[in-house]
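Undergrad:
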Amino acid sequence: MSTKVRVRFAPSPTGPLHIGGVRTALYNYLFAKKNGGDFILRIEDTDQNRLVPGAEQYVIDTLKWVGIEPNEGTGYGDGPHAPYRQSDRKDTYRQYAEQLLQAGFAYYAFDTEADLEQMKATNANFKYDANTRELGKNSLTLSKEEVEKRLSEKEHYVIRIKLPADEDVKFYDEIRGWVIVNTSQMDDKVLLKSDGMPTYHLANVCDDYVMQISHVIRGEEWLPSAPLHVMLYRYLGWEKSMPKFAHLPLLLKPDGNGKLSKRDGDRLGFPVFPLEWTDPKTNEISSGYKQKGYLPEAVLNMLAFLGWNPGTEQEIFSKEELIEAFSLENIHKAGAKFDFEKAKWFNAEYIKN
RNA sequence: GGCCCGUUCGUCUAGGGGUUAGGACAGGAGAUUUUCAUUCUUCAAACACGGGUUCGAUUCCCGUACGGGCUACCA
64 MSTKVRVRFA PSPTGPLHIG GVRTALYNYL FAKKNGGDFI LRIEDTDQNR LVPGAEQYVI
124 DTLKWVGIEP NEGTGYGDGP HAPYRQSDRK DTYRQYAEQL LQAGFAYYAF DTEADLEQMK
184 ATNANFKYDA NTRELGKNSL TLSKEEVEKR LSEKEHYVIR IKLPADEDVK FYDEIRGWVI
244 VNTSQMDDKV LLKSDGMPTY HLANVCDDYV MQISHVIRGE EWLPSAPLHV MLYRYLGWEK
304 SMPKFAHLPL LLKPDGNGKL SKRDGDRLGF PVFPLEWTDP KTNEISSGYK QKGYLPEAVL
364 NMLAFLGWNP GTEQEIFSKE ELIEAFSLEN IHKAGAKFDF EKAKWFNAEY IKN
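What follows is the structure, encoded as structure tokens:
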């Protein structure tokens with residue numbers, strides 16, 4: 064495996080990217096540039112139901128505006144690993160899902176939505192796992208003939224990972240240290256959905272491997288599923304080249320509970336989006352920093368300091384200075400409440416000069 | 001509920017076994033300014049709690065509390 068730093072920003076085009084996403088992109092960009100690596104844009108559009116027209120272009124426009132452009136990826140020409148849009152890579156995932164099936168690390172499951180609901184009704188804390196999969200209609204419980212029959216009749220099915228009942232999964236997070244989770248706490252996650260598309264988990268792991276990603280830098284909301292990803296690398300035979308993980312603290316609402324969301328802008332009266340966005344369905348307009356008169360350098364500087372700091376008392380940093388000063392070690396562990404007053408101050412500093 | 005992550009001024013954070021616990025934003029007071037803004041001076045403001053370990057814990061360990069995340073054929 065090459066030791067070159069390669070990181071990716073992998074949003075799903077379900078709406079406009081908010082500033083939390085921009086910060087994730089920024090940290091990936093800074094890490095790549097700092098280490099002479101590549102910064103890749105990958106579009107994770109595996110959920111066909113949640114696609115929002117224009118969202119992908121919004122991501123590209125945003126990265127362009129703030130000046131952190133990928134050197135490889137969707138919207139940036141054909142790189143060595145094109146295509147970079149997951150819906151265009153569908154066949155790859157099925158191939159790997161089948162590899163897992165062959166190796167006995169995955170199985171077909173024919174349970175309908177109603178079946179699953181019933182299992183949940185019977186068992187308060189139901190999860191599809193080593194203890195309960197014998198209750199399901201899957202290739203582990205059904206006869207080989209029955210499975211073949213269902214498959215040939217094109218019955219809807221999913222492919223699930225087959226996790227052991229009781230095994231510690233351990234991985235090192237570059238920001239948080241060692242994290243250990245037992246498989247008894249995990250479930251047999253769906254890898255390939257009945258519409259033929261992979262879930263995030265499968266697509267993400269396959270693409271990171273194929274695209275030779277060296278570091279996965281993403282939000283903390285992914286921390287709980289990282290053990291599943293580790294298991295996938297292992298079962299796919301890629302554990303030696305598994306990327307390093309770094310889970311970023313979340314951007315929180317200014318007034319209290321929960322992570323910053325798209326609605327907080329309207330509610331609290333400040334933009335949560337880099338660029339103005341018009342909802343294609345409702346025509347509702349959400350304000351953007353650009354249109355509000357913010358300078359891209361100021362937005363970048365402000366975002367950089369939400370969860371990271373250089374360890375000195377300097378606060379005004381150009382993009383080049385950020386690249387020079389950036390390191391994963393200086394990322395704060397706790398979530399950061401977004402502070403609009405500070406954002407205004409950063410912008411004022413840039414406007415003055 | 002279960003699992004995972006976290007916890008220093010109101011906010012973003014620095015620091016780290018012995019410090020006057022530092023900076024910035026916001027806030028108070030004052031100066032400069034025709035006004036606003038700017039600028040300057042200055043004040044107030046924090047180690048969640050309880051046990052350890054230690055000569056000494058804000059710093060290390062364990063609990064508790066609180067906060068956050070995840071718990072979908074969503075990412």
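Throughout the first sequence, residue numbering follows my numbering, covering 64 to 416 in sequence. Even for Gly, the Cβ is constructed at its ideal location relative to N, Cα and C.
#1: According to DSSP, is Asp101 helix, strand or coil?
#2: If you count every other CB in all the chains shown that lies within 10 Å of the CB of Trp241, and 16 or more means buried, which is it?
#3: Rounded to a whole number of angstroms, what is the C-alpha to C-alpha distance between Tyr220 and Leu311?
#4: Which residue's Cα is closest to the Cα of Leu291: Lys183, Arg330, Gly259 and Ile243?
#5: Return helix, strand or coil for Glu132, following the three-state DSSP convention.
#6: Helix, strand or coil: which one does DSSP assign to Ser247?
#7: For a test of the three-state rule: what should DSSP assign to Lys400, helix, strand or coil?
#8: Would you mind working out which of Tyr159, Gly83, Ile103 and Glu237 sits nearest Gly140, comparing C-alpha positions?
#9: Can you give the Cα-Cα distance for Ala399 and Tyr92, rounded to whole angstroms?
#10: Closest to Glu412 by C-alpha separation, out of Phe173, Thr341, Tyr357 and Ser206, would be which residue?
#11: For a minimum of 3 consecutive residues, which ranges assigned as the beta strand (DSSP E) are wholly contained in the region 281-334?
#12: If you count every other CB in all the chains shown that lies within 10 Å of the CB of Asn364, and 16 or more means buried, which is it?
#13: Does DSSP put Ile348 in a helix, in a strand, or in coil?
#14: Using a threshold of 8 Å, is the CB atom of Ile414 nearer than that to any non-hydrogen atom of the ligand ZN?
#15: Specify, as a first and last residue, the run of the beta strand (DSSP E) that Asp178 falls within.
#16: Quickly, what does DSSP pair Val70 with across the bridge? List them, please.
#17: Thinking C-alpha only, which one of Gly319, Lys415, Glu376 and Pro343 is nearest Phe401?
#18: When you compare the region 291-307 with the region 267-277, are there three or more beta-carbon pairs, one atom per stretch, that lie closer than 8 Å?
#19: Identify every residue that forms a DSSP beta bridge with Leu255.
#20: What did DSSP end up calling Phe336 once you bin it into helix, strand or coil?
#21: For Val273, is the classification buried or exposed, using 16 other Cβ atoms within 10 angstroms of its Cβ as the cut-off for buried?
#22: Do you know offhand how far Gly117's Cα is from Gly78's?
#23: Measuring alpha carbon to alpha carbon, tell me which residue in Asp178, Val362 and Asn112 is nearest Thr262.
#24: DSSP beta-bridge partners for Phe234?
#25: Can you name the residues that DSSP bridges to Trp371?
#26: Taking Ala425 as the reference, which of Gln248, Asp178, Ala184 and Asp174 has the closest Cα?
#27: Identify every residue that forms a DSSP beta bridge with Arg148.
#28: Provide the residue span of the beta strand (DSSP E) that contains Tyr171, from first to last.
#29: What separation, rounded to the nearest whole angstrom, lies between the Cα atoms of Asp108 and Glu161?
#30: Between Leu315 and the rest of its own chain, which residues show a CB-CB distance below 8 Å, the 5 nearest in sequence each way excluded?
#31: Which residue's Cα is closest to the Cα of Leu295: Gly83, Lys225 and Gly138?
#32: Below 6 Å CB to CB, which residues in the same chain sit around Met64 once its five sequence neighbours on both sides are set aside?
#33: Looking at Arg196 and Asp258, is the spacing between their C-beta atoms short of 9 Å?
#34: Please look up how many angstroms separate the CB atoms of Ile222 and Ala309, rounded, as I've assumed it's under 8 Å.
TA: From the atom records:
#1: DSSP places Asp101 in strand when its eight states are reduced to three.
#2: Exposure of Trp241 is indicated by the presence of fewer than 16 other C-beta atoms within 10 angstroms of its C-beta.
#3: For the pair Tyr220 and Leu311, the Cα-to-Cα distance works out to about 35 Å.
#4: Its Cα nearest to that of Leu291, the residue Ile243 stands out among Lys183, Arg330, Gly259 and Ile243.
#5: Per DSSP, reduced to three states, the secondary structure at Glu132 is coil, with no helix or strand assignment.
#6: Ser247 falls in the helix class under three-state DSSP.
#7: Strand.
#8: Of the listed residues, the one whose Cα sits closest to Gly140 is Ile103.
#9: About 20 Å.
#10: Nearest of Phe173, Thr341, Tyr357 and Ser206 to Glu412, Cα basis: Tyr357.
#11: Fully enclosed beta strand (DSSP E) runs of 3 or longer: 307-311.
#12: Asn364 is buried by the Cβ-count criterion.
#13: The answer is strand: DSSP assigns Ile348 an E or B state.
#14: The ligand ZN is not part of this structure, which contains no ligands at all.
#15: Premise fails: Asp178 lies in the alpha helix (DSSP H), Glu176 to Thr185, not in any beta strand (DSSP E).
#16: Per DSSP, Phe102 and His278.
#17: The shortest CA-to-CA distance from Phe401 to any of Gly319, Lys415, Glu376 and Pro343 is the one to Gly319.
#18: Contact between the region 291-307 and the region 267-277 is present: three or more C-beta pairs spanning the two stretches fall below 8 Å.
#19: As computed with DSSP, Leu255 is found in a beta bridge with Ile222 and Pro261.
#20: Strand, per DSSP.
#21: Only exposed fits Val273, as fewer than 16 other CB atoms lie within 10 angstroms of its CB.
#22: Taking the straight line joining both Cα atoms gives about 8 Å.
#23: Comparing Cα positions, the closest option is Asn112.
#24: Answer is Val242, bridged to Phe234.
#25: DSSP lists Ile394 as partners of Trp371.
#26: Residue numbering for the chain in the displayed model covers 64 to 416; residue 425 lies beyond these limits and cannot be assessed.
#27: Beta-bridge pairing by DSSP links Arg148 to Ile106.
#28: It spans Ala169 to Ala172 - the beta strand (DSSP E) in which Tyr171 sits, taken as one unbroken run.
#29: The alpha-carbon atoms of Asp108 and Glu161 are separated by roughly 21 Å.
#30: Only Gly321, Lys322, Leu323, Gly398, Ala399, Lys400 and Phe401 meet the Cβ criterion.
#31: Comparing Cα-Cα distances from Leu295 to each of Gly83, Lys225 and Gly138, the minimum goes to Lys225.
#32: Its pLDDT being 49, under 50, Met64 is placed unreliably by the model, and the measurement read from it follows with that caveat. In chain order, Ser304 place their CB closer than 6 Å to the CB of Met64, counting only its own chain and leaving out the 5 sequence neighbours on each side.
#33: Not in contact: Asp258 and Arg196 (Cβ atoms no closer than 9 Å).
#34: The beta carbons of Ile222 and Ala309 sit about 29 Å from each other, so the pair does not count as a contact at 8 Å.
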